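Numbering (numbering that gives the first Met the number 0), first residue to last: 0 to 393. One structure is given here, and the rest of the page talks about it.
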Amino acid sequence: MYPPIQSILSILFNFFRRNQLSNWKLAISSLASWVVISSIGSAAAAERPRLKDAFKDDFVVGAAIGEDQIMGDEPKSMELVAEQFNAISPENCLKWESVHPEPDRYDFEQSDKYVEFGEQQGMFILGHTLVWHNQTPAWVFEDEQGKPLGREALLARMREHIHTVVGRYKGRITGWDVVNEAVMPDGTMRKTKWLEIIGPDYLAKAYEYAHEADPDAELYYNDYNEWYPEMRATTAKLVRDLKAGGARIDGIGMQGHWGFDYPSLDQAEASIVAFADAAGKVMITEVDIATVPDARQYRGMDISDDNELMKKLDPYPDGLPDEMQQKLADRYRDVFTLFHKHRDKIARVTFWGVHDGQTWLSYHPVPGRHAYPLLFDAQLEPKPAFDAVIEVAE
Ligand code: GLA
Numbered sequence: 000m001y002p003p004i005q006s007i008l009s010i011l012f013n014f015f016r017r018n019q020l021s022n023w024k025l026a027i028s029s030l031a032s033w034v035v036i037s038s039i040g041s042a043a044a045a046e047r048p049r050l051k052d053a054f055k056d057d058f059v060v061g062a063a064i065g066e067d068q069i070m071g072d073e074p075k076s077m078e079l080v081a082e083q084f085n086a087i088s089p090e091n092c093l094k095w096e097s098v099h100p101e102p103d104r105y106d107f108e109q110s111d112k113y114v115e116f117g118e119q120q121g122m123f124i125l126g127h128t129l130v131w132h133n134q135t136p137a138w139v140f141e142d143e144q145g146k147p148l149g150r151e152a153l154l155a156r157m158r159e160h161i162h163t164v165v166g167r168y169k170g171r172i173t174g175w176d177v178v179n180e181a182v183m184p185d186g187t188m189r190k191t192k193w194l195e196i197i198g199p200d201y202l203a204k205a206y207e208y209a210h211e212a213d214p215d216a217e218l219y220y221n222d223y224n225e226w227y228p229e230m231r232a233t234t235a236k237l238v239r240d241l242k243a244g245g246a247r248i249d250g251i252g253m254q255g256h257w258g259f260d261y262p263s264l265d266q267a268e269a270s271i272v273a274f275a276d277a278a279g280k281v282m283i284t285e286v287d288i289a290t291v292p293d294a295r296q297y298r299g300m301d302i303s304d305d306n307e308l309m310k311k312l313d314p315y316p317d318g319l320p321d322e323m324q325q326k327l328a329d330r331y332r333d334v335f336t337l338f339h340k341h342r343d344k345i346a347r348v349t350f351w352g353v354h355d356g357q358t359w360l361s362y363h364p365v366p367g368r369h370a371y372p373l374l375f376d377a378q379l380e381p382k383p384a385f386d387a388v389i390e391v392a393e
């Protein structure tokens, strides 16, 4: 547990900083009303069920935390994390572009704090992610003249990165998403620079280096769209082959960025079963349920001035209507009933974010939308979906 004095001091510090208070009378009266309001909130928080307790015999329950949370700018949401979850994932701070922005520069400021928080709370701490095609700077694949690296040079760079990052948190980060998103929905391998320059054994090498760097850390393969039958088959085979070739792989992560009607429960179930069979265990690693329409076709376009289109793509700018709250709760009830049914295979279920104020779906694939995909709203209050999930455990 957070030492209480440290916690109170950090809350006070952040309170004064956020409110930029220099007048002491005003400060004291604001603080007094804030204490009253928050103690009402804390009393409610103390009484409500906790996800980590509700599922304690089944799987750990996690949330991804972002920069504001890690750096101390959202103390209330970090209290919520400590209250409800027993696992954390780093939203961005361990991705290559954040932790290793330039060839000779690593930046561990955020990731050190992330790991310290998880240790203080005694949580499962995920490392995410070492080898990916996104959020990886272009220089990684180039030499000093900007020409493409050859296989050996890229392998050396990959090894150095993995050894430095995994090595720094040896014995502290519980498990790593070593490779993220290597397979396409049609079952082919994704054509990334890693594949192009190194060849198909880039995965085996990544697992080999990660295992060298921390022999006790669990190592995972993580991906999305995993309910497509061809992708399911390729992913299961890929992991089996890697393990047969000597790689340490402890489980497969299914991201779980899902919608109301995809995947079907049968499709999700088939992948949970196939992946547990291939890898030993499954983690549902990035759960959120989109309450906004699919906007992938507008990715990268500025559509903020197109009122008609924005109305269509951002249907609930003023809050999620009751009927949709209920629909979200029903969907959460269904998917958690499935997870609970397969609790012998599923080791962890992690949400991609703590509360709706933080979700990537508000700015991806188009900015300026209002998405409500999580169990807590932007005021950190539990939604009907929270009750639905708790009811599954009960
Ligand atoms: C993928 C990645 C995550 C994150 C999400 C969306 O699923 O694995 O790290 O970037 O997309 O934010």
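Ideal Cβ positions, reconstructed from N, Cα and C, are used throughout, including at glycine. Quick caveat: nothing in here was measured; it's all calculated off a predicted structure.
heavy atom of the ligand GLA below 7 angstroms from residue i C-beta
i           : result
residue 226 : no
residue 223 : yes
residue 234 : no
residue 128 : yes
residue 85  : no
residue 285 : yes
residue 359 : yes
residue 132 : no
residue 109 : no
residue 354 : no
residue 351 : yes
residue 99  : no
residue 254 : yes
residue 179 : yes
Cut-off 6 angstroms between Cβ atoms - residues of its own chain near residue i, not counting five sequence neighbours on either side
i           : result
residue 341 : 271
residue 162 : 212
residue 126 : 93, 172 and 175
residue 85  : 51, 59 and 122
residue 330 : 259 and 288
residue 387 : 328, 331 and 332
residue 399 : No answer is possible for residue 399: it lies beyond the span of the chain, which begins at 0 and ends at 393.
residue 286 : 255 and 350
residue 169 : 213
residue 183 : 189
residue 229 : 185 and 186
residue 355 : 371, 373, 376 and 377
residue 191 : 132
Presumed contact (8 angstroms Cβ cut-off) between residue i and residue j, rounded CB distance
i           : j           : result
residue 93  : residue 164 : 7 angstroms
residue 288 : residue 244 : Rounded, the Cβ-Cβ distance is 36 angstroms, inconsistent with contact.
residue 335 : residue 63  : The Cβ separation is near 18 angstroms, so there is no contact.
residue 221 : residue 284 : 6 angstroms
residue 346 : residue 58  : 6 angstroms
residue 180 : residue 132 : 7 angstroms
residue 201 : residue 193 : 4 angstroms
residue 251 : residue 281 : 6 angstroms
residue 203 : residue 237 : So it is not a contact: roughly 10 angstroms between Cβ atoms.
residue 274 : residue 233 : No, residue 274 and residue 233 are not in contact; Cβ-Cβ is about 12 angstroms, not under 8 angstroms.
residue 71  : residue 87  : Not really, about 15 angstroms apart at Cβ, beyond 8 angstroms.
Neighbourhood of residue i by C-beta, 7 angstroms cutoff - its chain only, sequence neighbours within 5 removed
i           : result
residue 153 : 140, 196 and 197
residue 17  : Bear in mind that the predicted position of residue 17 carries a pLDDT of just 40, short of 50, making it unreliable; the figure below should be weighed with that in mind. Here the set comprises nothing.
residue 391 : 332, 335, 336 and 339
residue 223 : 180, 254 and 256
residue 138 : 102
residue 279 : 249 and 250
residue 394 : Since the first residue shown for the chain is 0 and the last is 393, residue 394 is missing from the structure and cannot be characterised.
residue 265 : none
Cβ shell of residue i (< 8 angstroms), same chain only, five flanking positions each side left out
i           : result
residue 65  : 90, 91, 352 and 357
residue 322 : none
residue 49  : 82 and 83
Checklist entry - Which ranges does the alpha helix (DSSP H) cover as unbroken runs of at least 4 residues, wholly within the segment 76-122, from first to last along the chain? => result For the segment 76-122, whole alpha helix (DSSP H) runs of length 4 or above, ordered along the chain, are 95-98 and 108-119.
Checklist entry - Taking only runs of the alpha helix (DSSP H) that begin and end inside the segment 315-355, which ones reach a length of at least 4 residues, in chain order? => result Listed in chain order, they are 321-340.
Checklist entry - Where are the beta strand (DSSP E) runs, 3 residues long or more, that stay fully inside the segment 199-240, in chain order? => result Complete beta strand (DSSP E) runs here, min 3: 217-222.
Next on the checklist: Using a Cβ distance threshold of 8 angstroms, determine whether the segment 374-383 contacts the segment 93-102, with at least three qualifying pairs required.
Outcome noted: Because the criterion of three Cβ pairs below 8 angstroms is not met, the segment 374-383 and the segment 93-102 do not touch.
Checklist entry - Whole alpha helix (DSSP H) runs in the segment 143-189 with 4 or more residues, listed along the chain? => result As summarised for the segment 143-189, the continuous alpha helix (DSSP H) elements at least 4 residues long and confined to that stretch are 150-167, given in chain order.
Next on the checklist: Can you confirm whether the segment 73-91 touches the segment 361-372 when touching is taken to mean that 3 or more C-beta pairs between the two stretches lie within less than 8 angstroms?
Outcome noted: By the C-beta criterion, the segment 361-372 is judged not to be in contact with the segment 73-91, since fewer than 3 inter-stretch pairs fall below 8 angstroms.
Next on the checklist: Could you tell me which whole beta strand (DSSP E) segments of length 3 or greater appear in the segment 261-313?
Outcome noted: 281-288, all fully within the segment 261-313.
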